[in-house]
Amino acid sequence: MQKWRYYLSNCFWLLIPPIVWNVVFFSDLPFRYQPDFFWKDIPIWIATGEHGLRLLVFALPIFMEIRIEDQKQKTGLFLYCTGLALYFGSWILQIRFPESSYSESLFGFAAPGFTPIIWLIGIGMIGRQLTIRLPFHRWLYASLSIGFVAFHVTHIIYIYYR
Numbered sequence: 001m002q003k004w005r006y007y008l009s010n011c012f013w014l015l016i017p018p019i020v021w022n023v024v025f026f027s028d029l030p031f032r033y034q035p036d037f038f039w040k041d042i043p044i045w046i047a048t049g050e051h052g053l054r055l056l057v058f059a060l061p062i063f064m065e066i067r068i069e070d071q072k073q074k075t076g077l078f079l080y081c082t083g084l085a086l087y088f089g090s091w092i093l094q095i096r097f098p099e100s101s102y103s104e105s106l107f108g109f110a111a112p113g114f115t116p117i118i119w120l121i122g123i124g125m126i127g128r129q130l131t132i133r134l135p136f137h138r139w140l141y142a143s144l145s146i147g148f149v150a151f152h153v154t155h156i157i158y159i160y161y162r
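Residue numbers (UniProt numbering): 1 to 162.
This is how it looks when you write it as structure tokens:
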């Protein structure tokens, strides 16, 4: 019975909505976001940092227990929900209005890359402890998330000015 509780109460579930969103709507994004263009001639240090930190940021929640008990965790849930709404909204603007001044601005073009920091920090605040016996503090996840988003946004800026 404990094993089922573990599977049902880890923070990986919080990654399912953005993963499904990406799978369903990725092909609707403008050309500059498509893999053939987006990953072409990217410096290895950007690609390696982005992929490595993405792996850690998306794997660690498997071992983070979902808890919504104290005020920090409730704030984390608020950040997660708000961040998802902003993330989805940034995609919708790119898909529906790709030639708008917003979508063609650096801010608008980069929004799908920097808005995840909000929901990722939310996940870090919700997942207070690991389900495995290793020392953990929510700032570890936040730091990894900030690093991932920094590489991701660097990649986007590189694409924007290419």
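Using N, Cα and C, we set each Cβ at its ideal position, and we do this for glycine too.
Taking a contact as a CB-CB distance under 8 Å, the pair R32 and F26 does not count as one, their CB atoms being some 13 Å apart. R133 carries a coil assignment under DSSP once its states are collapsed to helix, strand and coil. Burial check for T115: the Cβ neighbour count within 10 Å reaches 16 or more, so the residue is buried. Per DSSP, the continuous beta strand (DSSP E) segment holding I66 begins and ends at 64-66. The Cβ atoms of L53 and I126 lie no closer than 8 Å to each other. Secondary structure at R128: strand, using DSSP grouped into helix, strand and coil. Where Q94 is concerned, the enclosing alpha helix (DSSP H) starts and stops at 71-96. Closest in C-alpha terms to S145, from the list E69, W91, I159, H51, comes H51. Taking a contact as a CB-CB distance under 8 Å, the pair Y160 and L106 counts as one, their CB atoms being some 6 Å apart. Looking at the DSSP output, N10 sits in a beta bridge with E65. Only residues of its own chain outside the window of five on either side were considered, and among them I68, G122, I126 have a CB closer than 7 Å to the CB of L77, listed in chain order.
The Cβ-Cβ distance between W119 and L93 does not fall below 8 Å. Just so you know, the alpha carbons of L8 and H155 end up roughly 34 Å apart. With a cutoff of 8 Å on beta-carbon distance, F63 and N22 are scored as not near each other. Shown here for F88: same chain residues with a beta carbon closer than 8 Å to its own, the five before and five after excluded, namely W21 in chain order.
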